[in-house]
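S.K.:
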Amino acid sequence: MDDSKFWPQGVTRCKPGAFIAWMLVCLGLGGWAMLSAFLCIYKGLNQTNMNDFFAFGVWIVVDLAIIALGAGAFFTGFMTYVLRRDELKNIINAAVIIGFICYSGAILMLGIDIGQPARGWFGFWHANVHSMLTEVMFCITTYLIVLIVEFVPLVLENRQISKVPDLSFFAHNLHRIMIVFAATGTFLSFFHQGSLGGMYGVLYARPFAYRTGIVIWPWTFFLFILSAIASGPSFTTLIVMLTEKVSGRKLTSHKVKMMMGKVSAYLLSFYLVLKIADTLYWANVTLPKMGVTFGELYGGGPYGTYLVWMELGLFGVLPALLLLQRRVRESYGLLALAMVLNCCGAVMNRFVMTIQPLAIPVLPFEKFVGYLPSWQEWGISAGVIAYGLIIFSLAYRYLPIFPQEVELNKG
Amino acid sequence: MNWDRRAFVKFAVGAVVGLHASPLIPKLMDDSAIWTQNWNWVPTPEDGALAFANTVNPATGTGVKVRMVTGRLKGERLIRVEGNPEHPTSKGGVLPADASALENLYFDDFRVKTPLIFNKDTGMHEAVSWDKALEVVAGKLAELYKAGQAHTVAALGTEAKTLDGELLSRFMAALGSPNLSFNVSAADTLALAGWAMAGEENLGFDLAGANYVISFGTPLLEGFGAPVAVRKAFAGWRKDFKHTGTLVQVEPLASVTASQADQWLGCKPGTEAAVALGLCQVLIQEGLYDRAAAGAVGFEDGDRGPGFKTLLAKNYSPGQVSQISGVPVETLIGVAKAFAKEPKAVAVCGPGGGGEPGRLLDFMAVLALNALKGNFGKPGGVVVRQPLGLKPLGEAINHAGGKPRLDGLGSAKRPVGVADHLSLAKAALSGNPYKVNMALVAGGNPAYSAPQAGVVRDFLRSVPFLVAITPYLDETAVMAQVVLPCGTFLESWGDSLAPYGGAVAEYGLHRPLIKAYEQVKSQGDVILALAAKLGGDVAKALPFASAEAALKTRTAGLGDLAKLAQKSYHVADKPAYGSVSFKTPSGKLEFFSMNLHNLAVKLSGEGGMGKVLKSLGVSAEGTAALMPHYEPPAALAAAGHGRLLLAAVPSLRTPKGDQPLTPYMLKVLDGETLSNKDELVVEMNPQTAASLHLAEHDRVKVTSQAGSSDAIVHLFAGAAPGMVFMPVGLGRFAIANAYTMGRGGNYNQVAEATADPLSGLPVWSLTPVAVTKA
Amino acid sequence: MLPICFEWHWDVGHFVFMGLFYTALTIIGAGVVYTFMATMKDLCSGKDPHEHGHH
Amino acid sequence: MSLADRYSAGEHRFGMVIDVDKCTGCGACTVACMSENNVGVLFDETDKLRSITWMRVYQIDNGRPFPETQVAFFPRPCLHCEGSHGQHTPCVSVCPATATDYDEHTGIVSQIPTRCIGCRYCVGACPYHARYFNWFDTPWPSGLERPLNPAVAPRMRGVVEKCTFCYHRFQRAKNKAFLSGGKVEEMDYQTACTEACPSGAITFGDLRNPNHKVAQLAASPEAFRLLERLGTNNKVYYRTSREWVRRKADNYLQDEKTGQVAASQGGGH
């Protein structure tokens, strides 16, 4: 079996056997996810360990995390097409695919997470425009359309598909007006990243989540945007680096990666300044008005203050300081490390904002309860990762997503 | 036209545009919206015309309204049990047991729907016709009767004085068996205490009229008399945020009553009577008692020996009582003074937490306190309830006199009191003087609810032929050779009498409101059908065509039965206030009970009275023995040395006695009662637990001489040290259903019953137990 | 989502929210339609699809 | 601020006053509510994190040693919050599908289970845990479907439900009033729990109507609300004369005095 005629022009890929074996591993994870999804839909959400205290569980954490990390797509697109940073064209394709994976994956997950999947469209039809979640639903779906539109020309550029003149023209024409889509996507993405943060910030009866803000937007609205665009480019770069390590081929020049790192560095630093200011204001002004202290909120069970040090220190200030230094960015390994820390920070922030507000009881006479996801919840979460691996592996194998690849691997 | 690529694209674009212009997409969305609401396993209750009917729940004494709906397809069904706002004592309130009564009615898993006969070969009960079932039961009775063994038939009823109880009593008397027992309750003890001190068995406490109430160890707000009526009185003391009544609770647990009380005297277990006597002594030493009480028999010293006043001063000074009970001296003095100062004040005694009848001497101590307060017949005091004027069911035919009772009631062994299941079971198990060949359980579930249920269950299992007349396939019914289905109160004729402690004459009537199961009959009808089948004197003693006809005779003095049944209750307007004419031998109130004294004399002759009283469990000597005094409960002596005292946690969230635990009631239990799906939770003081090296949620085994139960520990600072508190009403193992079966353990299984001094009634409020890590 | 739904109010919230939503949809839709038209035009003009090269 | 002024304009503002010093925690309100609203029973009801109890009775204690221990009960229906400015209920404002709404006429927070998509955002938004998700298909074993109340539809799995102040009773009362040409009187519309309570601990009525008892009682200085400081501005008042009970009803900093702290700006944006 030889699939080399489908490979992008002028590159080599691993043997079909190895690729199939890899796909089987991913499909195995996918099978676990399918079984979990079947149980959750057939038997209901009692298959999870969520309950009325933990109305949101690991799925929402994963959802929020991948949407944050997928923000590389819109922000790289924004920089490439709107700000005209042409060198980023070398990584924009990968960013778009990762974005597509993250957003479509998140929507698939949400389809299982809601108790009545067949009614998912009620959120559009009977939209409550005052809900941050409505905004998220509208923007994510619309942005997914944008991502599909951005993804389609990449698919059409496959060596065999592009032989069909209609499709080739279509892809070319889409590319020509990509700035329109990139700009729309930026607008949509910007808002829903914010709205995801807003979702928690508006919970004014949940002291852990509640934040003051401006007009209708709580501070988390802006913080979520910032942390997403700070970590998104890092994540995109990390995936590219990972692909390089796995395939043993150079895919983008280090300059591109350094640029992504620099973008992350500045955004992360800006984010941290605001986040720390927000945390201080929240702990010293917002909380006391509600009769709650910072210590109480970080005092229960496994949710201690170490979480703050980890989120803001180890996964915040440290990667920011690292990325800000040119020497670090120049080193492949250190850059990767700093980016990993940066992404962990985003994931951790989403975890803390999702699980902890629910874990900390608000009524003084209620008790703290714990939550550990069930295997079905892990299954679906793993499935989304498997889904991402499959899509990205296929895309890497068959689509010309790295313009520099041929040149960098000459000789 | 050429079908080329361009045509195809045009066609595809046209199709997409066309589809969007058509109503297909909105239609599909609409359909899917409707489809998401069609979950065919979610039932759709059928609507129909609404109607209401009054009735009284005999298990709770609550006057209720039943809401019913008449549907076109599924027919008439009852949909709710609500309070009846017109009912004079329950005034629209309900209990969980009332509000979930329809689950007892309708839950198929609970019910016996047809007569059943046990098939030895298959080990299962099989449905048979009424004719067949009655033939088998009557045949067995006739066989024993003919063999001169009628006295070896025992019957276990629920309440003696209801219609069902009367019918059963007449049946057994005419058949010729003296072995009939009923559930015992605090009403029996109060009747005895009233008889001993006031010659009056029909006493009540005017809670609604009082504004200072001291409750001695009673679960006043958790199952006292008709619980709704009691709480309506309580609500009166807290009306519109205004505090018009004071409640003082004496008991060893921070129970609901103790917490809602204005003052809680956390005493040592079993010492409530000592506290009552201590208060008596304070009233006397402070000169705050009713001077009329001084004229009562036995108050002052006399020929027979020292009087009540002297004994109080000698044994129950505040210091001594504080020593006994652990209640501080100042508290005792403060409460006594407040009690004396309040014009409408009453002290109440009542059942223990597990529904036990209470201790006669404790009740007498509380009556003595009321006597010193001088509140007999006064508003907010102890009142004599008006007689109901129920008519007897005709001339009694008694063939039971020939043989001695198994439980020895009426003999020197047990001169006073009433028959109870446990004494019957113990005697029958011993086979002395004869064995029981057949037992008839009517309406109740003694294998679960009787004190020391294990003994009663052993007895019923040992009986060669057991018949259960019951609505439920419960712990008793599963052992029976024949099960005869009778209705719940919603589907049958029956009545209920004034609840314990109530201040007014009260009578409740229930009638069939629905025929939920074709074959189910009123319990009275089953007894009557059995009598008719037997014929002879038994049929003559029960000459009624139906339970309804018997009720008609019984309630002739209360007006037209149909009208009474519609209304469902007869309640006197207000308590019978006014001076009480004591029906004691002396015609006066008696601190020294002449009734008891005469009885003791009769049994022994003057000289040996001390010995007789000793054998009845009274340790006090001289005149004190027949006066209100404090006898430490037997369990206290056995406690200590690593053994704890077991007591019940009363709750209205579990049903009383014979009723099944409904799914709704199970649902309202919190984690301090039942945990981890099916584990019973017992409460202990943290210090006590620590001394046994037990921590929160440890699994333990609570073992007494009577039995044991697994449980998990919950630490509760409000529990008295040295004790362990267990919820009641759980541990059902017979009714096979997914909700209540096997949840928790049965308190009655662990609690050990002892004979109360003088009354001989079983009491099981305190049991020495070992609590060990499981 | 549409003014025919009963929860629709003619208020600022709906104007802003739905306005932006439909604007975005319109832009995306217009972009896609434009691409289709341009493709049709390119096809009709008989250009060589590969002369643009790749990006 | 006077009682009526706490809430936005509207014909009625239905609410409750629960006297904690009267409540004996018997659970009659819970059972009456379940039988009125067709709330089912799961096979394991000890798992209170998934059990549906529109009216839940919380037991609290003062934590003092024997014999100074006291327990008390907080019966907790849905509190029908309004928020600091009209209709800014924590849950209503977040529902994406308008499956829950704040009724401008009655102040009742409605719930439309057939509209609910089951995202549970509202469950997370409610600090009182008054909202319940149907994790399971409610079992109605043979016979137990017979006493279902036709006025309330049983819910399906995967949707959120909660106390509606027996809204169907209000509709019935309105119909009755319409037919007889009168108005809905105080006693025409009472919730199932209010009726059932044997201690009379619950008073229900229109907080806006000064003739209604609930309005008089809610104006008492001893009346307070759960988590009042968060600014949920709800319509279920409690009352106690015991300081420790009142302190358990809200969060306080150590140096703050019970009941003397203003509501924060919460919900004010």
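Chains A, B, C and D are the protein sequences, given in the same order. For the first sequence, our numbering gives the first residue as 182, with consecutive numbering after it. For the second sequence, our numbering gives the first residue as 106, with consecutive numbering after it. For the third sequence, our numbering gives the first residue as -19, with consecutive numbering after it. For the fourth sequence, our numbering gives the first residue as 575, with consecutive numbering after it. From the three backbone atoms N, C-alpha and C, an ideal C-beta is built for every residue, glycine too.
Does any C-beta atom of chain B lie closer than 8 Å to the C-beta of residue 297 of chain A?
M.R.: yes
S.K.: To which residues of the same chain is residue 842 of chain D closer than 8 Å at the C-beta, ignoring the five residues directly before and after it?
M.R.: Residue confidence is low: residue 842 of chain D scores 43 on pLDDT, short of 50, so the model does not pin down where it sits. Its coordinate-derived value is still stated next. Closer than 8 Å at the Cβ level, and outside the excluded window around residue 842 of chain D, lie 658, 659, 805.
S.K.: DSSP three-state label for residue 547 of chain A, please.
M.R.: In the three-state DSSP reduction, residue 547 of chain A falls in the coil class, being neither helix nor strand.
S.K.: Report the neighbours of residue 194 of chain A on chain F: residues whose CB is nearer than 8 Å to its CB, in chain order.
M.R.: Judged by its chain identifiers, the structure shown contains no chain F, and its protein chains are A, B, C and D.
S.K.: Of all the options B:193, B:194, B:192, B:206, which has the alpha carbon lying nearest to the alpha carbon of residue 184 of chain B?
M.R.: B:206
S.K.: Since I believe residue 772 of chain B is in contact with residue 760 of chain D (beta carbons under 8 Å), could you give me their beta-carbon distance rounded to a whole number of angstroms?
M.R.: With a Cβ gap of about 31 Å, residue 760 of chain D and residue 772 of chain B do not count as contacting.
S.K.: Beta-carbon separation of residue 646 of chain D and residue 770 of chain D under 8 Å?
M.R.: no
S.K.: Taking the alpha helix (DSSP H) that residue 199 of chain B falls in, what are its first and last residues?
M.R.: Counting along the chain, residue 199 of chain B falls outside any alpha helix (DSSP H), and DSSP gives it neither H nor E.
S.K.: In terms of residue numbering, what span does the alpha helix (DSSP H) encompassing residue 329 of chain A cover?
M.R.: Where residue 329 of chain A is concerned, the enclosing alpha helix (DSSP H) stretches over 313 to 337.
S.K.: Which one of B:748, B:727, B:730, B:723 has the shortest CA to CA distance from residue 738 of chain B?
M.R.: B:723
S.K.: Are the stretch 832 to 848 of chain B and the stretch 799 to 810 of chain B touching by the rule of at least three beta carbon pairs closer than 8 Å?
M.R.: no
S.K.: Give, in chain order, every residue of the stretch 638 to 652 of chain D whose Cβ lies closer than 7 Å to some Cβ of chain B.
M.R.: If the cut-off is 7 Å between Cβ atoms, the stretch 638 to 652 of chain D has 638, 639, 640, 641, 643, 644, 645, 646 near chain B.
S.K.: Say whether chain C places a C-beta atom closer than 8 Å to the C-beta of residue 326 of chain A.
M.R.: yes
S.K.: How about residue 767 of chain D and residue 201 of chain B: do their beta carbons lie closer than 8 Å?
M.R.: no
S.K.: For residue 620 of chain D, verify whether its CB is less than 7 Å away from any heavy atom of the ligand SAH.
M.R.: With respect to the ligand SAH, the structure shown offers nothing to examine, as it has no ligands at all.
S.K.: Sort A:567, A:444, A:409, A:366 by Cα distance to residue 507 of chain A and report the nearest one.
M.R.: A:444
S.K.: From the beta carbon of residue 183 of chain A, is the nearest beta carbon of chain C less than 8 Å away?
M.R.: no
S.K.: Is the shortest distance between the beta-carbon of residue 700 of chain D and the beta-carbons of chain A less than 8 Å?
M.R.: Interface with chain A (8 Å Cβ-Cβ cutoff): residue 700 of chain D is included.
S.K.: With a threshold of 8 Å between beta-carbons, can residue 826 of chain B be considered close to chain D, or not?
M.R.: At a cut-off of 8 Å between beta-carbon atoms, residue 826 of chain B makes contact with chain D.
S.K.: Does the count of Cβ pairs from the stretch 620 to 636 of chain D and the stretch 221 to 233 of chain B closer than 8 Å reach three?
M.R.: No, they do not touch.
S.K.: Would you say residue 205 of chain B faces chain D, with C-beta separation under 8 Å as the test?
M.R.: Proximity of residue 205 of chain B to chain D, defined by a Cβ-Cβ separation below 8 Å, is satisfied.
S.K.: Report the option in B:565, B:595, B:730, B:599 whose CA atom is closest to the CA atom of residue 583 of chain B.
M.R.: Residue B:565 is the option with its Cα nearest to residue 583 of chain B.
S.K.: Listing by chain order, which chain C residues have their CB less than 7 Å from the CB of residue 365 of chain A?
M.R.: 4, 7, 8
S.K.: With distance defined between alpha-carbon atoms, name the residue in A:438, A:557, A:416, A:428 nearest to residue 526 of chain A.
M.R.: A:416
S.K.: Which chain B residues sit within Cβ distance under 9 Å of residue 302 of chain A?
M.R.: 134, 137, 138
S.K.: Between residue 385 of chain A and chain D, is the shortest Cβ-Cβ distance under 8 Å, so that the two count as touching?
M.R.: For residue 385 of chain A, the answer is yes, since a Cβ of chain D falls inside 8 Å of its Cβ.
S.K.: So which residues on chain A does residue 844 of chain D lean against when the C-beta distance must stay under 8 Å?
M.R.: Residue 844 of chain D cannot be examined here, being either before or after the span of chain D that is shown, 575 to 843.
S.K.: Please compile the residues from chain C whose C-beta is within a distance smaller than 7 Å of the C-beta of residue 350 of chain A.
M.R.: Those within 7 Å of residue 350 of chain A in chain C are 19, 22, 23, 29.
S.K.: Can you check which of these residues, D:787, D:702, D:616, D:790, is closest to residue 545 of chain A by C-alpha distance?
M.R.: D:702
S.K.: Evaluate residue 119 of chain B with the Cβ neighbour count: other Cβ atoms within 10 Å of its Cβ, from every protein chain shown; 16 or more gives buried, anything less gives exposed.
M.R.: exposed
S.K.: Residue 678 of chain D to residue 787 of chain D, Cα distance in whole Å?
M.R.: 22 Å
S.K.: Our contact map puts residue 277 of chain A next to residue 258 of chain A with C-beta atoms below 8 Å; I'd like the distance itself, whole angstroms only.
M.R.: 7 Å
S.K.: Which term fits residue 433 of chain B, buried or exposed, when burial requires 16 or more other beta carbons within 10 angstroms of its beta carbon?
M.R.: exposed
S.K.: Name, please, each residue of chain A whose Cβ falls closer than 7 Å to the Cβ of residue 12 of chain C.
M.R.: 330
S.K.: Report buried or exposed for residue -11 of chain C, applying the criterion of at least 16 other Cβ atoms within 10 angstroms of its Cβ.
M.R.: exposed
S.K.: If we define contact as Cβ-Cβ less than 8 Å, is residue -1 of chain C a contact residue for chain A?
M.R.: no
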